[in-house]
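Here the sequence shown is numbered in the working numbering, starting from 102 and rising by one per residue.
Glycine included, every Cβ here is placed at the ideal spot set by N, Cα and C.
Following: one structure in structure tokens, then a few remarks.
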Amino acid sequence: MDDEGLPRFAGVVYDQEEGIDALVGDFVEGLLARKLRVGGLLQGREPDAEGVTRTVVRVIGKARRIVISQNLGRHSTACSIDSAAIAEAAVALRQALEERPALIVGNRFGHLELEGAGMSEEMLDILASGTPFLIPVARRFEEGWRRFTGDMGDLLDPRPAALTAWFEALAPVTA
């Protein structure tokens with residue numbers, strides 16, 4: 102919340118996972134190019150040595166990557182989230198809050214956070230702090246995100262102009 106009690110966070114609601122990481126990553130890179138301080142996590146996917154696609158988060162502003170998925174084999178359909186790696190990423194998210202950047206980015210709001218696990222505690226602390234917070238939210242989790250936030254904050258279309266307009270509306274406070 103800001104000084105007037107207005108929420109300063111938004112979920113970028115997407116239908117197709119393809120492209121959401123690049124959209125948010127490009128937005129963050131644009132802010133960094135403007136010398137704005139941005140913290141948090143950017144999610145991506147990359148193959149490991151065996152060619153299995155892994156989910157990785159990059160800690161914004163740091164030369165650090167955290168692999169948050171486990172290799173369960175090429176044909177596995179089980180949840181591959183590595184809980185120890187999620188805990189490590191949660192620490193990085195909390196550190197971002199302590200650094201008081203102009204914007205914190207979360208990698209995803211998903212089923213772990215719906216269950217009160219994952220990075221839900223860190224996310225709630227960020228929301229309560231008033232620090233601008235942006236996070237991708239799959240459409241299937243939109244209702245859960247609304248419950249998580251008390252149906253507050255903004256829901257954005259996955260378009261560069263939507264992210265920019267949202268952030269620029271906060272500019273007097275964040276610049």
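Exercise for the section: Locate the alpha helix (DSSP H) running through PRO261, then write down its first and last residues. Expected result: Here residue 261 is taken as the residue at index 160 of the sequence shown, counted from 1. Run containing PRO261: 261–270, per the alpha helix (DSSP H) assignment.
Exercise for the section: Give me whichever residues DSSP pairs with GLN144 in a beta bridge. Expected result: Within the sequence shown, residue 144 is the residue found at index 43, counting from 1. DSSP, once it has assigned bridges, lists VAL158 as partnering GLN144.
Exercise for the section: Ignore the nearest five residues each way along the sequence and tell me which others in ALA276's own chain have a CB closer than 6 Å to its CB. Expected result: As a working mapping, residue 276 is identified with position 175 in the sequence shown. Residue confidence is low: ALA276 scores 49 on pLDDT, short of 50, so the model does not pin down where it sits. Its coordinate-derived value is still stated next. Correct list: empty, nothing qualifies.
Exercise for the section: Can you tell me which of LYS163, ALA186, TRP246 and ILE161 puts its alpha carbon nearest to the alpha carbon of SER170? Expected result: Within the sequence shown, the letter at position 69 stands for residue 170. Nearest option by C-alpha distance: ALA186.
Problem - Any non-hydrogen atom of the ligand ZN closer than 7 Å to ALA150 Cβ - result: Absent from the structure shown: the ligand ZN. Ligands present: none.
Problem - First and last residue of the uninterrupted beta strand (DSSP E) at LEU204 - result: Here residue 204 refers to the residue found at position 103 of the sequence shown. First-last of the beta strand (DSSP E) with LEU204: 204–206.
Exercise for the section: Enumerate in chain order the residues of its own chain whose CB-to-CB distance from PRO237 is below 7 Å, with the five nearest sequence positions on each side excluded. Expected result: For the purposes of this step, residue 237 is identified with residue 136 of the sequence shown, where counting begins at 1. Excluding positions up to five away in sequence, the list reads VAL113, TYR115, ILE121, VAL125 and ARG209.
Exercise for the section: Using alpha carbons as the reference points, say which of ILE182, SER221, GLU222 and PHE128 lies closest to ALA266. Expected result: Numbered from its first residue, the sequence shown carries residue 266 at position 165. For the residues ILE182, SER221, GLU222 and PHE128, the minimum Cα distance to ALA266 belongs to PHE128.
Practice task
Following the continuous beta strand (DSSP E) through ASP255, name the residue where it begins and the one where it ends.
Solution key: Walking along the sequence shown from the start, residue 255 turns up at place 154. Element bounds for ASP255: 255–257.
Exercise for the section: Along the alpha helix (DSSP H) that carries ARG247, what are the first and last residues, could you check? Expected result: Mapped onto the sequence shown, residue 247 falls at position 146. Per DSSP, ARG247 belongs to the alpha helix (DSSP H) from 243–249.
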